[in-house]
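Colleague: Numbering (the UniProt record's numbering), first residue to last: 1 to 310.
All C-beta atoms in this analysis are idealised placements derived from N, C-alpha and C, irrespective of residue type, glycine included.
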Amino acid sequence: MQSKNPLILYQVQILKGYMCLCAAFVLLMQLGFAFLEGGCLRYKDMQSIMLKIFMNTCVTIVLWWVVGYGIAFGNDSKEFVGSNVYIGFDMKNSKHLGEFAFQTAVASAATSIVSGGAAARMTYIGYFILSVVFSAVIYPFCAHWGFGDGWLMRLGYHDYAGSGTIHAAAGMGALVTTMLLRPRNHRFNPKYSEHFEPNNPTYITLACLSLWVCWCFFNGGSSLGIANGASVFLSRAIMNTFISGASGALTVFFIYYVMNIDQKNKYSLVMICNGNLAGLVAITGYYYQLLDHVIMLMHGLLLQLEYLAG
């Protein structure tokens, strides 16, 4: 029975509005992904990848409404799959509305990460199928196991904003896609190496900064509230998002400088942006109060050392 306490009703309305605001900014991450991938690819591939990301967003939203959210966060939760809250559930007065909007945007972001493995190497139909499979089958199960009272949570698994549930799952999807597809023509031919340099560092920088802003709502929205103790998680999440992004960028700045100290170009704008994103991904994991920044810094450092070595 719904409470008639005015204060509680007010808090519920504020919570729904807050979750919808976070959902809007997380959905805006698609703009950052589009500019990031478009700037990293050759100029002739820009329109192709941006169209794929736009269509991927539309496909994910529809499929998440039809079946994905029910699998991940259905009321009648099982250890391996949720049930109910599928297409046609009562959305007029449902308690799921705010969370549904936020998780829909998160699912879109997860599916877009997979697009990196298929950039400039897959037809529109092939990528459409990939988006359908990942957004309707693979990610919903991962979300249920890690977020929706699934078997991982019952074993004590903690993932605050999706370091494993979202980024590891999407990264693995991108890796498998990359392994199954052939490399782009002449990609590893030294004669054509300059043809595969990022075509627009300005786009990459704009993408990185916009993703940083949206990431604050991504991590902040993962607190699932702003009342009572949740406000502490919200404040700490946003503070850590600021620090992690900056630390990741500075770490790569100094590493790249030391490794190229005898070269003419001692700095790389693209690599600094990658360091920023690595720090943002690292901080989405569940943290411990005394070690959160150390874990973030080491994670970002290892990611960038691997990137530079590879």
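How is residue 276 classed by DSSP in three states: helix, strand or coil?
Modeller: helix
Colleague: Give the secondary structure of residue 60 by DSSP, where H, G and I count as helix, E and B as strand, and everything else as coil.
Modeller: helix
Colleague: For the alpha helix (DSSP H) that residue 178 lies in, which residues bound it at each end?
Modeller: 169-180
Colleague: Is residue 80 helix, strand or coil by DSSP?
Modeller: coil
Colleague: Determine the closest residue to residue 218 out of 43, 238 and 130, with distance taken between C-alpha atoms.
Modeller: 238
Colleague: Per DSSP, what kind of secondary structure is residue 271 in: helix, strand or coil?
Modeller: Helix, per DSSP.
Colleague: Between residue 142 and the rest of its own chain, which residues show a CB-CB distance below 7 Å, the 5 nearest in sequence each way excluded?
Modeller: If the five residues before and after residue 142 are omitted, its C-beta is found closer than 7 Å to the C-beta atoms of 165 and 169, all from its own chain and listed in chain order.
Colleague: Can you check which of these residues, 278, 212 and 220, is closest to residue 21 by C-alpha distance?
Modeller: 220
Colleague: For the alpha helix (DSSP H) that contains residue 209, what are its first and last residues?
Modeller: 201-221
Colleague: Could you say if the region 246-262 and the region 35-43 meet the contact criterion of at least three C-beta pairs nearer than 8 Å?
Modeller: no
Colleague: Does the separation of the CB atoms of residue 134 and residue 171 fall below 7 Å?
Modeller: Against a cut-off of 7 Å, the Cβ pair of residue 171 and residue 134 comes out as no contact.
Colleague: So for residue 6, helix, strand or coil by DSSP?
Modeller: helix
Colleague: Within 8 Å, do at least three Cβ pairs link the region 276-285 to the region 243-253?
Modeller: yes
Colleague: Pop quiz: residue 222 and residue 161 are said to be a contact at Cβ under 8 Å. What is the actual Cβ separation, rounded to whole angstroms?
Modeller: Right, the Cβ-Cβ distance comes to about 4 Å (below 8 Å), so this counts as a contact.
Colleague: So, helix, strand or coil for residue 257, using DSSP?
Modeller: Here residue 257 sits in helix by DSSP.
Colleague: Can you tell me whether DSSP reads residue 42 as helix, strand or coil?
Modeller: Residue 42: coil per DSSP, three-state reduction.
Colleague: Here's the rule: buried if 16 or more other CB atoms are within 10 angstroms of the residue's CB, otherwise exposed. What is residue 179?
Modeller: Classification of residue 179: exposed, given that the 10 Å Cβ count is below 16.
Colleague: Note down the Cα distance separating residue 200 from residue 80, rounded to an integer number of angstroms.
Modeller: 43 Å
Colleague: How should residue 284 be labelled, buried or exposed, when 16 other C-beta atoms within 10 angstroms of its C-beta is the threshold for buried?
Modeller: buried
Colleague: Taking C-beta to C-beta, are residue 131 and residue 53 nearer than 7 Å?
Modeller: no
Colleague: Is residue 270 near residue 198, with beta carbons less than 7 Å apart?
Modeller: Cβ atoms of residue 270 and residue 198: closer than 7 Å.
Colleague: Taking the Cβ atom as the reference point for each residue, do residue 177 and residue 126 lie within a distance shorter than 7 Å?
Modeller: no
Colleague: Along the chain, where does the alpha helix (DSSP H) containing residue 99 start, and where does it finish?
Modeller: 97-118
Colleague: Need the endpoints of the alpha helix (DSSP H) that residue 132 sits in, please.
Modeller: In this chain, the alpha helix (DSSP H) harbouring residue 132 covers 124-133.
Colleague: From residue 163 to residue 145, what distance separates their C-alpha atoms?
Modeller: 14 Å
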